[in-house]
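Student: In numbering that gives the first Met the number 0, the protein residues as written are 0 to 71.
Glycine is no exception: its CB is placed at the ideal position from the N, C-alpha and C atoms.
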Amino acid sequence: MSKVAIIGCGIVGAAIAYELSRVNGLSITVLDQHMPAQGSTGAALGVLMGAISKKVKGRAWQLRQASIQRYQ
0 MSKVAIIGCG IVGAAIAYEL SRVNGLSITV LDQHMPAQGS TGAALGVLMG
50 AISKKVKGRA WQLRQASIQR YQ
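This is the structure in structure tokens:
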């Protein structure tokens with residue numbers, strides 16, 4: 000079993016923890032000085048961009064497509 004540590008439990012850390020919890024074989028620990036969702040997330044962009052430079056290819060493009068489909 001692989002161990003994963005996530006620093007911070009704002010919306011980004013919580014979302015990452017949730018997604019990784021769906022992967023078999025991972026032991027996930029979330030570390031934060033407060034309870035989940037008790038502070039602001041300084042790293043959240045809060046937007047999915049439908050238009051991205053045509054220079055984006057490969058895995059980055061696939062991630063973009065999957066994110067937009069999931070959001071819809």
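In terms of residues, what are the limits of the alpha helix (DSSP H) holding Val22?
Tutor: Premise fails: Val22 is in no alpha helix (DSSP H) and is neither H nor E.
Student: What would DSSP say about Val3, mapped onto helix, strand or coil?
Tutor: Looking at Val3 - three-state DSSP - the assignment turns out to be strand.
Student: For Val11, which three-state DSSP category applies?
Tutor: Looking at Val11 - three-state DSSP - the assignment turns out to be helix.
Student: I think Val29 touches Ala14, with their Cβ atoms under 8 Å apart; what is that distance to the nearest whole Å?
Tutor: Actually they are not in contact, since the Cβ atoms of Val29 and Ala14 sit about 11 Å apart, beyond 8 Å.
Student: Out of Arg21, Ile10 and Leu25, point me to the one whose CA is closest to Ser73's CA.
Tutor: Any answer about residue 73 is impossible in this case: the structure gives the chain only from 0 up to 71.
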